[in-house]
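Q: Residue 65 in our numbering sits at position 65 of the sequence shown, with consecutive numbering throughout. All C-beta atoms in this analysis are idealised placements derived from N, C-alpha and C, irrespective of residue type, glycine included. One structure, as structure tokens, below. Some questions next.
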Amino acid sequence: MAWLLELVPPEYRRYGVLRRHPLALARLARQHIEACVAAARQGFRTARADLGGDVPPHGIEALLEVYRREGARLAALAEAVAAVEAELRASAASSSHERPD
1 MAWLLELVPP
11 EYRRYGVLRR
21 HPLALARLAR
31 QHIEACVAAA
41 RQGFRTARAD
51 LGGDVPPHGI
61 EALLEVYRRE
71 GARLAALAEA
81 VAAVEAELRA
91 SAASSSHERP
101 D
């Protein structure tokens, strides 16, 4: 759970529901990371047009490399968080089936 808390904005740590319900935290972390992936992709697509007049070509290329590296890192992170979320969902489902009525 500590790993998931590291992936979301620090302000989220003050919400007890995220500590009490790891699945809720995993869902929030997945959505946050997916939004970061989308933002990195958008940034990569628009960097030349948005900054081309103000940042020299070598600066644009360096920025695109940042987007490439961070995009790959974020995409892998999104997969890892999704796997944790899936495992938590499976665990919750099996726990609910084991509870007596």
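#1: Can you find the residues in the same chain that come closer than 8 Å, C-beta to C-beta, to V55, ignoring five residues on each side of it along the sequence?
#2: Tell me which same chain residues have a C-beta within less than 8 Å of the C-beta of F116, skipping the five on either side of it?
#3: Roughly how many whole angstroms lie between the Cα atoms of A90 and E61?
#4: Beta-carbon separation of A92 and L23 under 9 Å?
#5: Judging by CA-CA distance, which residue of R20, Y15, M1 and A26 is the nearest neighbour of E85?
#6: Along the alpha helix (DSSP H) that carries P22, what are the first and last residues, could you check?
#7: Starting from E6 and walking both ways along the alpha helix (DSSP H), at which residues does that stretch end?
#8: Can you tell me whether DSSP reads V81 as helix, strand or coil?
#9: Would you mind giving the Cβ-Cβ distance between I33 and L74, rounded to the nearest angstrom? I have them listed as a contact below 8 Å.
#10: So what does DSSP say about Y15, is it helix, strand or coil?
A: In short:
#1: Correct list, in chain order: L63.
#2: Since the first residue of the chain shown is 1 and the last is 101, residue 116 is not available in this structure.
#3: Between A90 and E61, the C-alpha separation is close to 43 Å.
#4: Yes. Within cutoff.
#5: Ranked by Cα distance from E85, the first of R20, Y15, M1 and A26 is A26.
#6: Note, P22: alpha helix (DSSP H), P22 to L51.
#7: The continuous alpha helix (DSSP H) containing E6 extends over residues A2 to L7.
#8: Three-state DSSP puts V81 in a helix.
#9: Cβ-Cβ separation between I33 and L74: approximately 6 Å, consistent with a contact (criterion under 8 Å).
#10: Note: Y15 maps to coil in three-state DSSP.
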